[in-house]
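Everything on this sheet refers to the single structure shown next.
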Amino acid sequence: MTDTERSIPGTGPAARRAWQKGLPLALLTLLCMTLFALNSILCRLALLHHGMDPVSYTAIRMTSGALILFVLHRWRQRRHGQVPDWRGQGSWGAALALFTYMLAFSIAYVSMPTAAGALVIAVAVQTSMIGYGIHAGQRPNLGQTLGIGLAMAGLVVLLLPGLEAPPLPAACVMFVSGSAWGAYSLCGRKFRHAAEATTDNFIRCVPLVLVLMLALWWRLSLPVQGVTLALCAGALATALG
């Protein structure tokens, strides 16, 4: 590399290393967000088209997600040997936020269109996390503010063809779901081992949702197609996402 090339911003070795590191992260983020979006589609299909109830859907999604995370944890332990144990890595506060997010998510989609639900939950996540940051004394700079605004505007444009005005109660429940997701993300900042903490939090949620199923057993509906979709949502779109 010539001295002239080194003097041009964004062309040095450090810039190339940052680009090489950032590209896989961007692709993984895209994959993650695609899987999260798939959650909305699978949930809406199970509830609207196959008549599954939201509590059963949440329970199966939660349990299958916990099982896949546990299996992945054991596989990583056998392959690498130095992976810490999952027990005690999470917290009950984070588990409660995760439980609230998933249950409210399913309840809201009983009467909310997929596109509108995706928009409301995205706004709720951003609002809760940015609001917490401002409360903690953080102030987004101009670039961050523009980035957030462009992201939200882009989401509206992408979803606009499928947007319908959602019922207010369902929109409020979805906003609670998104706020709980934001709270869960904020809880994750204190965990040293992300994968193990996620596994622990999911496993903590399983007895909560099973107790809820027992309490509402007479209202449960478990069609085969809906159960299959809930299993896919938990194992693929939720756990791997």
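Position 36 (the sequence shown) corresponds to 1000 in the working numbering; numbering is contiguous. The C-beta atom is built at its ideal place from N, Cα and C for all residues, glycine as well. Predicted model, so just to flag it, every value in this text is computed and none were measured.
What residues in its chain sit with their C-beta under 6 Å from that of residue i, if we drop five residues either side in the sequence?
| i | result |
| --- | --- |
| V1140 | A1068 |
| W1145 | Y1065, V1089 |
| L1193 | L1006, L1009, A1010 |
Do residue i and residue j have their C-beta atoms within less than 7 Å of each other?
| i | j | result |
| --- | --- | --- |
| R1156 | Y1073 | no |
| W1050 | T1202 | no |
| M997 | V1084 | no |
| V1170 | A1030 | yes |
Using 10 angstroms around the beta-carbon of residue i, count the other beta-carbons present and answer buried if the total reaches 16, otherwise exposed.
| i | result |
| --- | --- |
| I1098 | exposed |
| H1044 | exposed |
| T1109 | exposed |
| V1019 | buried |
| G1107 | exposed |
Give the DSSP-derived three-state secondary structure of residue i in the structure shown.
| i | result |
| --- | --- |
| D1017 | coil |
| V1140 | helix |
| R1156 | coil |
| V1035 | helix |
| M997 | helix |
| R1103 | coil |
| T1202 | helix |
| P1133 | helix |
Within a Cβ cutoff of 8 Å, which residues of the same chain sit near residue i, ignoring the five residues on either side of it in sequence?
| i | result |
| --- | --- |
| M1116 | A1086, V1087, Q1090 |
| T1078 | S1004, I1005, R1008, G1126 |
The alpha helix (DSSP H) with residue i in it runs from where to where?
| i | result |
| --- | --- |
| A1059 | 1056 to 1072 |
| V1188 | 1188 to 1196 |
By Cβ distance below 7 Å, which residues in the same chain neighbour residue i in space, the five residues on each side in sequence not counted?
| i | result |
| --- | --- |
| P1187 | H1014, G1015, M1016 |
| P973 | With a pLDDT of only 43 at P973, under 50, the local geometry of the prediction cannot be trusted, and the value read off the model is given with reservation. Result list for P973: empty, nothing under 7 Å. |
| L1172 | F1063 |
| Q1024 | Per the sequence shown, the amino acid found at residue 1024 is Ile instead of Gln. So the list reads V1191, A1194, L1195, G1198, once near-sequence residues are dropped. |
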